[in-house]
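Residue numbers (UniProt numbering): 1 to 352. C-beta: ideal position from N, C-alpha, C; glycine also. Treat the numbers as computed from the prediction; the structure is a model and nothing was measured.
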């Protein structure tokens, strides 16, 4: 089998699910070469083969006739991991699903998602990788059905029901068992696996969307695919520059934006000879001196820009850095400002 990888989020909450069913999850993880650390690092890559083996072993230990479907619903949006922060800030369901599909390869190499239209209905389809044909991935497919259903219910409301659920394989248990877990009876042995809903529902707006945060996260997702550990400190500076004015300057908040766990972010930065606190302090110092040199904004405005609670908190920090108050520093460095140059614009650049 080709070496495929998925994010650790794909087994999110497995430990809780196992505990609920009185199963020793430590033994199962150990049997497939995983440790409990995977739950603390949802962005970490694990082998898709390990994921398959974990589900296969679980079938022998859990007394669940529909293990995959039940686990997927138990996981809910946690299974999407950090990618959920992007789609949850989209303007509409259509945008959210489009981005989920576009970036799903970052989340999992084990399958693809597709949104297709059929008779004025939309189908959110799940297709296992062609490199997995020799494996029985029915349980994994039903995990996806469970997660997908919970995601759409989050968008449309918990009382929402799909128009239909299609499952390519044969029933893994009696139809009655499926009816206990699903709002509609699935169509089995279908040509595809997917969840159907009205096309008009794509225009449903997501009221909790934050356009500015969405833009930042989308830019981050683009960059993250090519980001190296060596480039990480500079990228943290970039993120802080944008998040500081909103007061989001803790390692947890920055790590969440970067789709990393705080521990992973700190570990990567330590490997590059720095730390989050060092970068935060440096970024604030650079921004503070730049604005004190180039602008006349008030201390309250500058404090807000740098993510401080008030001007007093900013002033105390500034004194600890440079030994003098911000206004004193500004006065002492006033002569460094470049004089304004007044000149006539070229004719081609002036309005006629």
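Which first and last residues belong to the beta strand (DSSP E) in which residue i is found?
i	result
residue 122	121-128
residue 372	Residue 372 lies beyond the residue range present for the chain, which begins at 1 and ends at 352; the question has no answer from this structure.
residue 47	45-47
Are the beta-carbon atoms belonging to residue i and residue j less than 8 Å from one another?
i	j	result
residue 275	residue 266	yes
residue 81	residue 13	no
residue 171	residue 191	no
residue 147	residue 58	no
residue 162	residue 197	yes
residue 125	residue 114	yes
residue 65	residue 177	yes
residue 145	residue 69	yes
Which one of the options has the shortest CA to CA distance from residue i?
i	options	result
residue 281	244, 294, 311, 293	244
residue 202	156, 232, 64, 237	156
residue 10	125, 71, 158	71
residue 158	139, 178, 73	73
residue 110	326, 122, 48, 90	48
residue 240	271, 229, 277	277
residue 208	35, 329, 93, 26	93
residue 61	326, 165, 86, 17	17
residue 256	29, 42, 30	42
residue 289	272, 317, 271, 269	317
residue 309	119, 249, 254	249
Going by other Cβ atoms of all chains shown within 10 Å of its Cβ, with 16 needed for buried, is residue i buried or exposed?
i	result
residue 221	buried
residue 32	buried
residue 334	exposed
residue 324	exposed
residue 330	buried
residue 150	buried
residue 63	exposed
residue 297	exposed
residue 30	exposed
Grouping DSSP H, G and I as helix and E and B as strand, with all else coil, what is residue i?
i	result
residue 168	coil
residue 201	helix
residue 116	strand
residue 11	helix
residue 111	strand
residue 103	helix
residue 196	strand
residue 208	coil
residue 92	strand
residue 21	coil
residue 214	helix
residue 187	strand
residue 160	coil
residue 243	helix
residue 176	helix
residue 324	coil
Between which two residues does the alpha helix (DSSP H) containing residue i stretch?
i	result
residue 353	The displayed coordinates of the chain run from 1 to 352. Any statement about residue 353 would go beyond what the structure contains.
residue 152	138-156
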